[in-house]
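Working notes, beginning with the structure itself.
2 protein chains.
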Amino acid sequence: MRYARIPDQTIRRLPLYLRALFLMAEQGQTEVSSKDLSEHVGVHAWQVRKDFSFFGEFGRPGVGYQVSWLTDQIKTILRLDSEKKAVLVGVGNLGAAVLSFSGFNKYNLTIIAAFDADVNKIGQTVGGVEIRDVACLDSVGELNATLAVITVPGQVAQAVVDPLVNVGIRGILNFTSCRLIVPDQIRVTNIDIGMDLASLPYYI
Amino acid sequence: MRYARIPDQTIRRLPLYLRALFLMAEQGQTEVSSKDLSEHVGVHAWQVRKDFSFFGEFGRPGVGYQVSWLTDQIKTILRLDSEKKAVLVGVGNLGAAVLSFSGFNKYNLTIIAAFDADVNKIGQTVGGVEIRDVACLDSVGELNATLAVITVPGQVAQAVVDPLVNVGIRGILNFTSCRLIVPDQIRVTNIDIGMDLASLPYYI
DNA sequence: GAAAGTTTGTGAATGTGAACACAAGTGCAA
DNA sequence: TTGCACTTGTGTTCACATTCACAAACTTTC
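Here it is in structure tokens:
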């Protein structure tokens, strides 16, 4: 596999390709053209080919790409070839929604633990994951989790992130509207529902 | 106000500036420098100034920007100066989370109705919004709503979007992982939690 | 096996946004 | 008033991403 510098935007599209490939595999499709794939994802065919070209030659001219092999390649690129463990902090409506989302296993992602401050929730199970006391966040270290999903109220976001960073969490999906302060090598992806809704009126 | 072509990325940052400004106003701050603002939002100071420069001259050299006036300007640019009505379809965990989110009013956004297919939920109230029968989606027309939030299971997403488009919805916040097919003039913003989590391992 | 029809891979052109550097405006203190 | 510290606005440069165009590789058909 070639290792040129990969555009960020390309990486962002790879999971979309992957999802389309899963769908095609389910339908028994074994080969797919860039045109096919592009229509599923909503980009242009040459965009698909250009994206793949950063990694090497995946397809055969006149034929297309082999679904299973392409799937494996993208999984490898995204480091989804081995299981990645995640923890979730804050089991409100939003946290429960994420826990109940069953689509993660395909991507080798598993939420292995959830934490909340509410004593009434501790011990209960949501989406097959038992809720633990947020005071025991340190125990995450023993679980070998590398990812964290933060769905707590904004005021306590930084307070739960600090211990997570200390016990080895490397990537954070932040649903609060607060900017998290973390060391440089920690990756944070912010999802801010309010901001997304607020920018809609401009375009209509 | 000047009307050059505004970069998309600039528009995406404006709501972030707005939120920071709300925070500052609450703390009684009346003036703010680009440096100040940039630290709250997590961008560089020149990025803030450059963004504003697309619209005209908002600040005074040596002093900074007047919080209240800047707030109004950004609201106007984003078309948040008049109330925008939104409906939500699909009151599962995720839908309930959005309904319970109280931060929208600051942006003049109001969720005026929610819809679900579950007869047990219809008639109940979540976040101050009554849940109606999804079969009555047509009634949205009378409500003068322009925005919609889609938090239904992916399989029925397109089925609820089609009638919404017919009754005048112009902007859609789509939480399903399905690509929605809508007329060109309808704006769709996709939020895909699974994809965001799946791209994290690459960076860690 | 030759011709026609597909589809890939990629160099080059175009477009867009980030980053920089600095002139010019403002407030303040002496 | 003068000098200094501070801040804005923006022309320019640079980096990255999209778009195009087309040669090369492959399949199918006759």
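Chains as they are written, first to last, in the numbering used here: chain A, 1 to 204; chain B, 205 to 408.
Cβ coordinates follow ideal geometry from the N, Cα and C atoms, glycine included.
These numbers were taken from a predicted model, which means no experiment stands behind them.
Per DSSP, the unbroken alpha helix (DSSP H) holding residue 26 of chain A starts and ends at 8 to 26.
Rounded to whole angstroms, residue 164 of chain A and residue 145 of chain A show a C-alpha spacing of 10 Å.
Scanning its chain for C-beta atoms nearer than 6 Å, with the 5 sequence neighbours on each side dropped, one finds around residue 335 of chain B the residues 295, 318, 320, 325, 326, 328, in chain order. Boundaries of the beta strand (DSSP E) harbouring residue 130 of chain A: 129 to 133, taken from the DSSP string. Per the DSSP secondary-structure output, residue 313 of chain B pairs in a beta bridge with B:288.
DSSP assignment within the stretch 333 to 369 of chain B yields the following whole beta strand (DSSP E) runs of 3 residues or more, N-terminal first: 333 to 337, 351 to 354. As DSSP reads the structure, residue 190 of chain A sits in a beta bridge with A:174. When only Cα atoms are considered, residue 238 of chain B and residue 309 of chain B end up about 26 Å apart. Taking 9 Å as the CB threshold, residue 305 of chain B lines the interface with chain A.
For residue 51 of chain A, the secondary structure class from DSSP, reduced to helix, strand or coil, is helix. Considering only beta carbons, the part of the stretch 87 to 100 of chain A lying closer than 9 Å to chain B consists of 92, 93, 94, 95, 96, 97, 98, 99, 100, in chain order.
Residue pairing from DSSP places residue 31 of chain A in a beta bridge opposite A:66. For residue 96 of chain A, the three-state secondary structure derived from DSSP is helix. Assignment of residue 400 of chain B by DSSP, reduced to helix, strand and coil, places it in the helix class. Listed along chain A is no residue with a C-beta nearer than 9 Å to that of residue 260 of chain B; the closest approach is about 17 Å. Residue-level contact by beta carbon fails for residue 24 of chain A and chain B, as no gap is shorter than 9 Å. If you ignore the 5 residues before and after residue 129 of chain A, its C-beta comes within less than 6 Å of the C-beta of 99, 111, 114, all in its own chain and listed in chain order. Just measuring C-alpha positions, the residue of B:286, B:290, B:235, B:366 sitting nearest residue 268 of chain B is B:235. Taking the Cα of residue 94 of chain A as reference, the smallest distance to any Cα among A:147, A:82, A:127 is reached at A:127.
Between residue 245 of chain B and residue 216 of chain B, the gap from beta carbon to beta carbon reaches 9 Å or more. When Cβ-Cβ separations below 9 Å define contact, residue 269 of chain B makes no contact with chain A.
Taking the Cα positions, residue 370 of chain B is about 34 Å away from residue 25 of chain A. In this structure, residue 87 of chain A places its C-beta atom within 9 Å of the C-beta atom of residue 169 of chain A.
Using a Cβ-Cβ cut-off of 9 Å, residue 35 of chain A is close to nothing in chain B; its nearest Cβ partner there is about 16 Å away. Residue 262 of chain B places its beta carbon less than 9 Å from that of residue 273 of chain B. Residues of chain A whose Cβ lies closer than 7 Å to the Cβ of residue 374 of chain B are, in chain order, 204.
If you check each beta-carbon in the stretch 192 to 203 of chain A against every beta-carbon of chain B, the ones closer than 7 Å belong to 193, 194, 195, 196, 197, 198, 199, 200, 201, 202, 203. Here residue 181 of chain A is exposed: its Cβ has fewer than 16 other Cβ atoms, across all protein chains shown, within 10 Å. By the neighbour-count criterion, in which a residue is buried when 16 or more other Cβ atoms sit within 10 angstroms of its Cβ, residue 119 of chain A is exposed.
For residue 308 of chain B, the residues of chain A that pass the 9 Å Cβ criterion are 194, 197, 198, in the order they occur in the chain.
Among the residues facing chain A, residue 248 of chain B is not included, as its CB has no counterpart in that chain under 9 Å away. Pairing residue 107 of chain A with residue 401 of chain B gives a Cβ-Cβ distance under 9 Å.
Shown here for residue 248 of chain B: same chain residues with a beta carbon closer than 8 Å to its own, the five before and five after excluded, namely 242 in chain order.
Taking all protein chains in view, the Cβ of residue 361 of chain B is crowded by 16 or more other Cβ atoms within 10 Å, so the residue is classified as buried. Under the three-state reduction of DSSP output, residue 249 of chain B falls in the helix class. In the three-state scheme derived from DSSP, where H, G and I count as helix and E and B as strand, residue 240 of chain B is classed as helix.
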